[in-house]
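J.: Numbering (numbering that gives the first Met the number 0), first residue to last: 0 to 151. Glycine included, each C-beta is placed from N, C-alpha and C at the ideal position. Dropping the structure in here first, questions after.
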Amino acid sequence: MNNTDYIPAESVEDVIARMKKGNIQSTPMDNSLSHGTESTLMQESSSPERVSKNITPTSPSERKNKINAIVKQLIFGQLSQGNALKKLRIEILGLKQDVFAKMVGVSRKTISDIENDRGHFKADILDKVFKPFGLKIGLIPSSPEALKALFD
């Protein structure tokens, strides 16, 4: 890898600025993982914004698989919406509630309330908190048979 291939990991402020512009698709962090700069992310994991020093960076494909597994649990009623958000925040981003709240533009209390399944939130708030994972609120069949038929 030469110096021109290196793309530094984004700071929380960079992510917030990019999200405010509405561009959350491809991140330099995703690119840095594919260029083998996992050590940069390992250094980030020891920062106070991270949930745990033990969370190791994952590749974009691993993140996608984790997100899909969590969404599947949510769809089939094995996880509540709040538990799904908590798992996504911790397992995918590894961020504390306050940092994640700043990133998505809601209060830490809102994140806490959603994750603990307290209160009822409008779709625009829920869309904000699930947007970093490529998800938005939608409708699914309430019948287990109809839901199963969608996946067959």
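Helix or strand or just coil, what does DSSP make of residue 94?
T.: Note: residue 94 maps to strand in three-state DSSP.
J.: Pairs of beta-carbons, one from the segment 105-113 and one from the segment 65-73, closer than 8 Å: are there three or more?
T.: Because the criterion of three Cβ pairs below 8 Å is not met, the segment 105-113 and the segment 65-73 do not touch.
J.: Measuring from the CB of residue 146, is there a heavy atom of the ligand COA at a distance below 6 Å?
T.: This structure does not include the ligand COA; it has no bound ligands of any sort.
J.: Using the C-alpha atoms, what's the distance from residue 123 back to residue 26?
T.: Any reading at residue 26 must be qualified, since the residue scores a pLDDT of 41, below 50, and its modelled position is unreliable; the value itself is stated next. If I take the Cα positions, the gap works out to 23 Å.
J.: Under 7 Å between the Cβ atoms of residue 78 and residue 114?
T.: Not closer than 7 Å, so no.
J.: According to DSSP, simplified to helix, strand and coil, what is residue 57?
T.: In the structure shown, residue 57 sits in coil (DSSP, three-state: anything other than H, G, I, E or B).
J.: Report yes if the C-beta distance between residue 87 and residue 120 is below 7 Å; otherwise report no.
T.: Cβ atoms of residue 87 and residue 120: not closer than 7 Å.
J.: With a Cβ-Cβ cutoff of 7 Å, do residue 76 and residue 116 count as a contact?
T.: No, they are not a contact pair.
J.: Give me the residue from 58, 101, 93 and 90 with the minimum Cα distance to residue 128.
T.: The residue with the shortest Cα to Cα distance from residue 128 is 101.
J.: Let's test the definition: count the other Cβ atoms within 10 Å of the Cβ of residue 150 and tell me whether it reaches 16, buried, or not, exposed.
T.: Label assigned to residue 150: exposed.
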